Amino acid sequence: MTRYGMVIDLKRCYGCYACVMSCKVKNHTPPGVFWARLLKGETGTFPNTVRQALPVLCFQCDEPSCLTVCPTGATIKLDNGIVIVDKDKCIGCSYCKMACPYGARYLVEEWQSYFPEGLPLTELEVMQRQLWEEKSGVGVSTKCDFCRDRLEEGRDPACVNACPANARIFGDLDDPYSEPSQLIKKSRGFVLHPELGNKPRVYYLPPR
Numbered sequence: 237m238t239r240y241g242m243v244i245d246l247k248r249c250y251g252c253y254a255c256v257m258s259c260k261v262k263n264h265t266p267p268g269v270f271w272a273r274l275l276k277g278e279t280g281t282f283p284n285t286v287r288q289a290l291p292v293l294c295f296q297c298d299e300p301s302c303l304t305v306c307p308t309g310a311t312i313k314l315d316n317g318i319v320i321v322d323k324d325k326c327i328g329c330s331y332c333k334m335a336c337p338y339g340a341r342y343l344v345e346e347w348q349s350y351f352p353e354g355l356p357l358t359e360l361e362v363m364q365r366q367l368w369e370e371k372s373g374v375g376v377s378t379k380c381d382f383c384r385d386r387l388e389e390g391r392d393p394a395c396v397n398a399c400p401a402n403a404r405i406f407g408d409l410d411d412p413y414s415e416p417s418q419l420i421k422k423s424r425g426f427v428l429h430p431e432l433g434n435k436p437r438v439y440y441l442p443p444r
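Read left to right, the sequence shown gives residues 237 to 444 (this note's numbering).
If you want it as structure tokens, here you go:
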């Protein structure tokens, strides 16, 4: 059984937001919902400072705290390593949202337009709202699922496919010979906040 994971090379990422926008287009997320986000920070002391982009998403943890707090069993960890939400079981209590240390969960009461209030929805927006509600529902928790439907078609997640710098490498982390596993081993791959014990399946390669 393939157990998916991702490696993000911080030397390659230059903060272009292609991952963010491809995720929004693919998943029809409404305003304010970013299953893929891009954080930017600065390290060092002037004049020796460095700007660094840090892409983040749901880390599909092996020990997900969102799962342990869910009172209805709506949060499910699949055999392939992906953590999903069953919208039909979710009651919108936000326990998972509060428990996630990475801020990867969103609760959407209703799909909203990107255009000013009062303007009629375009045909495209009507379609986007329908697709969003069919997949993610309303009034329930939502999150990245590594584009499960694309994986079933043999394709990489949208954010991986869209990255112009090839900074995202996707594959089977349980296979020691896969490209992601080899990169983690050879290039000192690390996870965010390992002290929390969530065991993320998204690794980073050092920026320098």
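Even for Gly, the Cβ is constructed at its ideal location relative to N, Cα and C.
For clarity, every value in this text was computed on a predicted model and none was experimentally measured.
Use the C-beta contact count for residue i: other C-beta atoms within 10 angstroms, 16 or more gives buried, fewer gives exposed.
i    : result
D381 : buried
Y350 : exposed
M242 : buried
N434 : buried
K379 : buried
R391 : exposed
N263 : buried
D385 : exposed
T304 : exposed
R437 : buried
Q364 : buried
At the level of alpha carbons, what is the spacing between residue i and residue j?
i    : j    : result
T358 : R404 : 34 Å
F406 : L360 : 31 Å
G309 : C326 : 8 Å
D298 : R287 : 31 Å
F295 : C383 : 13 Å
P267 : Q348 : 7 Å
C217 : Y253 : Missing from the structure shown is residue 217; the chain here goes from 237 to 444 and no further.
P356 : S417 : 49 Å
L343 : G425 : 31 Å
C302 : T311 : 7 Å
V362 : K422 : 47 Å
E415 : L314 : 22 Å
Who pairs with residue i in a beta bridge, going by DSSP?
i    : result
I244 : R404, Y440
A289 : K276
V321 : T311
N284 : T281
F426 : Y440
Legend entry - At least 3 beta-carbon pairs within less than 8 Å: the region 421–437 vs the region 335–353: yes
Inset, instruction - Could you name each continuous beta strand (DSSP E) segment of 3 residues or more that falls completely within the region 326–409, going from the start of the chain to the end? - result: 342–344, 376–378, 404–408
Inset, instruction - Decide if the region 301–319 is in contact with the region 276–288; the criterion is three or more beta carbon pairs, one per stretch, under 8 Å apart. - result: no
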